[in-house]
Amino acid sequence: MNIDKRLVRKDSLEKLFDILKQNSKTIYAPFSKNGKTSFMDAKSFAGISTGHIQTSESSKDIAFPRAEKILDYSKNKEGMSVKGIDFADIPEVVLWGVRPCDAIGIGELSSIFNWDYKDEIYNNRLSKVTVFGFSCNKSDEYCFCTSVGGNPGNTAGSDILFTRMGEDGDYLAEIITEKGLTVVSLAQNLFEKSETLEREKFLAEVPVRFNHEEIRKKLDKFFESKEWIEESLRCLGCGACAYVCPTCACFDIQDEAHGKKGSRVRCWDSCGFSHFTVHTSGHNPRGVQSARWRQRIMHKFSYMPERLSVYGCTGCGRCSRACPVDMNILEHLISIQEVTV
Amino acid sequence: MAEFEPKIVAFVCNWCTYAGADLTGTSRIKYASNVRIIRFPCTGRIDYMLLLKAFDEGADGIIVSGCHPNDCHYTSGNFHARRRWIMFRSLCDFTGINTERIKFSWVSAAEGAKWAAIVNATVTSIRELGPYTEYKKVAKYPEKEVTHG
Amino acid sequence: MVDLIKRAKELIETSVVKVLIGYEQGTANKTRALFVEKADDADRLIFDSRCVQNLAAYVTKKEVKEKGKMAIAATLPVMRSIIQLASEFQVNDNNLLVLGITPESKLIEFANLVEVETFVHKYEIEIDARNKEMLDKLEKMTQAERWKFWMDELSPCFKCYACRAACPMCYCSRCTVDFNQPQWIPVPSHELGNLEWHIMRAIHLTGRCIDCDACYNACPLSIPINLLTKKMLADAKEHFGAYQPSLKGDHLMSTYKPDDKENFIQ
């Protein structure tokens, strides 16, 4: 569909929030606490953070929760009984205040969950989500969306994209999808028609730092490079980068048993952990941290483009912000670009 | 509704408290039947994680018991255990776990009556406290997915 | 840190050590670990108030250890960690040389770990005022309020284990949480999994934690998990006397006194 541009007055945003609530939508929005901003179940409009550059965590767990039950089982005299999850129980959610680099990440995540097996649970969760993107009017030195094909006002992944026109200005709303249109129909009068809508000058400037196609080509011959070892010596092997990433999709399946019944749970996992690839035999094909750091970069910039035709990185810069030892993915990608193979 | 019957798990050492509990029985002393006894070689072997596991699995109260100081079959197992209990109990208290639900005691092989008294007192106090719903609530796998916030 | 750079160059050039672990300027006003293996790289060494990462976490890292004898630019918390690690047989005089940086930012080279220990023992481990206040506040709460406090604070935890990774004392090649037979700690980061993980972490660090706050600094969600270890430190002091890491290896939780006092065992 064609993108429809409307004006939303700054005071109308709260009204929109209330209307959505009245229509029994669950709203997840960013809130700040302890100096970090995270998506939370918003009970009211007051307190929703707008000043942050990026939330500490991505919004991915709305469709791919950090821990989710996928079935219950119990054993009795007759045998086993298994009960899957009821998709009707999944609430209709509005994801409020998503940055374009997170919104585009939903597509990348979806490509993994629909690569060969179509992940029913993920797809069902996602089908209930309406994404309210908010474009960026500022950025920091960790941002590099423009280097991986995005931009601060990118509409991809959002159902409606809001751009604030000036510091304390009104919003330009771009209605991108049918889902977005459905929401608009709940509050028609808040989305006003206007002829003079401009957005580019209000968007943050994010310089292009590298060419991702070039990096991809280079990585083909880069597997054995010593760079991996040098770059990863300070990496401590935690999972912070993967857990804040909007596109990291690795998970673990755990059975939580209590006697004769239990639940099967899907929970996040990370390729940065030393035990991630340990075989039952005890052999670990990625026995050193450099192999694990290499996997992270290769997966995002070589394997995913090859297999899924998308890059596994949206340039949100979260992993670098979250890293306790300053493993900066942008810095490393630039150095890969500069190295002659 | 029937009166709440607390589930108590007792972690006891083989040489003193277990023998003491046996004596309670052979002495025909009646005591509350709410307790499930788990026998360990020594109090030194009673890992604090086991106590948390008991709460996970639905215990309302816990008794930990072994030989009196200086009576350990292995000389010092109970001394080591005592240090750990001091720190573990304080950590539990600090995280808001109800330490009134974890009773520690020394019961020798000759103290059948003391064992009965401890179990009875524990059952009475846990009955007053009611089921440990706070812990049960978190131990039961949440019905919903876990997202932030 | 001109002295440090000069000394680092000498140590590398004369092959006294194979690698020196120090700090360098990172990205976006952060500092980070630098591993000096060539004399020229020593020029990148820096030291200032931003250098708070506990570098002792690297001396047990396989990839670093394998390089050969290490030297480390060690602030007071790092030196404390090293003594604790030495008492647990993780480092010794043959594989580690300590270049101490005193609280006054002076460089002292120690001939051996005994000297490091002597230096470290000059300073008592003190919980900072802000956290002391927080501990007091929590202790004044009721048990139910504390439960709520921790449930709220721990709920965002997604168990990335950055706290474990950044801690010099968490060097086990296989952590309790990595075991699944039995599964001591639930793997998913739901309320129970988070609670039990943080209790387990705190108790395993009791009597070993030197209060460097590396866990808190590493946490991408700024969860005040260091309060747990601080509480253990404060309580251990009250019950068993002030803790100092010691080469004697008389660890708090693996030793006892026949007259240890408590008031709760019936």
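Chains as they are written, first to last, in the working numbering: chain A, 1 to 341; chain B, 1001 to 1149; chain C, 2001 to 2266.
Beta carbons: idealized from backbone N, C-alpha and C, even for Gly.
Taking contact to mean at least 3 C-beta pairs separated by less than 8 Å, is the stretch 127 to 134 of chain A in contact with the stretch 147 to 164 of chain A? yes
Pair within 8 Å by beta-carbon distance, Ser1108(B) and Ile1063(B): no
Residue burial classification, Glu2133(C) (beta-carbon count within 10 angstroms, cutoff 16): exposed
Quick one: which chain C residues come within Cβ less than 7 Å of Pro1069(B)? Pro2258
Please list the residues of the stretch 1058 to 1092 of chain B that have a C-beta atom closer than 8 Å to any C-beta atom in chain C, keeping them in chain order. Pro1069, Asn1070, Ser1076, Phe1079, His1080, Arg1082, Arg1083, Arg1084, Trp1085, Ile1086, Met1087, Phe1088, Arg1089, Ser1090, Leu1091, Cys1092
In the DSSP assignment, find the unbroken beta strand (DSSP E) run with Trp1106(B) in it and report its ends. 1102 to 1106
Would you list, in chain order, the members of the stretch 2232 to 2263 of chain C that have their beta-carbon closer than 9 Å to a beta-carbon of chain A? none
Minimum C-alpha distance to His52(A) - residue among Phe39(A), Pro91(A), Lys60(A), Ile62(A): Phe39(A)
Nearest-angstrom Cα separation, counted from Gly272(A) out to Lys2347(C): The shown model of chain C, from 2001 to 2266, leaves out residue 2347(C), and the question about it has no answer.
So Leu333(A) and Thr247(A) are supposed to be a Cβ contact under 8 Å. How far apart are they, rounded? Not confirmed; about 15 Å, so no contact.
My output table needs one value for Cys1042(B): the three-state DSSP class, helix, strand or coil. coil
Helix, strand or coil at Asp72(A) [DSSP, three-state]: strand
Compute the Euclidean distance between the alpha carbons of Val1138(B) and Lys75(A), then round it to the nearest angstrom. 23 Å
Mapping DSSP to helix, strand and coil, what is Gly315(A)? coil
For Cys267(A), which residues in chain C fall below 8 Å Cβ to Cβ? Val2187, Pro2188, Ser2189
Is the CB-CB distance between Phe202(A) and Met165(A) below 8 Å? yes
Tyr2058(C) bridges to which residues according to DSSP? In the DSSP output, where bridge partners are listed per residue, Tyr2058(C) has none listed.
Can at least three beta-carbon pairs, one atom from the stretch 209 to 223 of chain A and one from the stretch 2145 to 2164 of chain C, be found at a separation below 8 Å? no
Is Met399(A) helix, strand or coil when you go by DSSP? In the structure as shown, chain A starts at 1 and stops at 341, and residue 399(A) therefore has no counterpart that could be examined.
Between Glu2115(C) and the ligand HEM, is there a pair consisting of the residue's CB and a ligand heavy atom that are separated by less than 7 Å? Annotation note on the ligand HEM: not contained in the displayed structure, which lists no ligands.
Contacts around Lys2257(C), its chain only, beta-carbon distance under 8 Å, and the 5 residues preceding and following it disregarded: Phe2240
Taking 8 Å as the CB-CB limit, is Lys36(A) close to chain C? yes
Note down, in chain order, each residue of its chain lying with its Cβ closer than 7 Å to the Cβ of Tyr2171(C), except the 5 sequence neighbours on either side. Thr2060, Gln2090
Contact with chain C by Ala67(A), beta-carbon distance below 8 Å: yes
Which of the three DSSP states, helix, strand or coil, is assigned to Met2253(C)? helix
Report yes if the C-beta distance between Thr2176(C) and Met2253(C) is below 8 Å; otherwise report no. no
With distances taken from CA atoms, which of Thr2142(C), Ile2127(C), Cys2212(C) is nearest Gly1096(B)? Thr2142(C)
Which residues does DSSP list as the beta-bridge partners of Gln254(A)? Val265(A)
Chain C contact for Trp1106(B) (CB, 8 Å cutoff): yes
Residue-chain proximity (Phe1011(B), chain C), Cβ-Cβ < 8 Å: no
Between Val244(A) and Ser49(A), how many whole angstroms is the CB-CB distance? I'm expecting something under 8 Å. Contact flag wrong, Cβ pair sits at about 16 Å.
Please decide whether Ser56(A) counts as near chain C, where near means a Cβ-Cβ distance under 8 Å. yes
Skipping 5 residues on each side, what residues in its chain have a beta carbon closer than 8 Å to that of Lys300(A)? Thr247, Tyr311, Gly312, Cys313
On a CA-only basis, which of Lys2122(C), Leu2004(C), Ser2049(C) is nearest Ala2073(C)? Give me that one, please. Leu2004(C)
Are Ala1021(B) and Ile1037(B) touching if we call contact CB-CB under 8 Å? yes
Interface flag, Glu224(A) vs chain C, CB-CB below 8 Å: no
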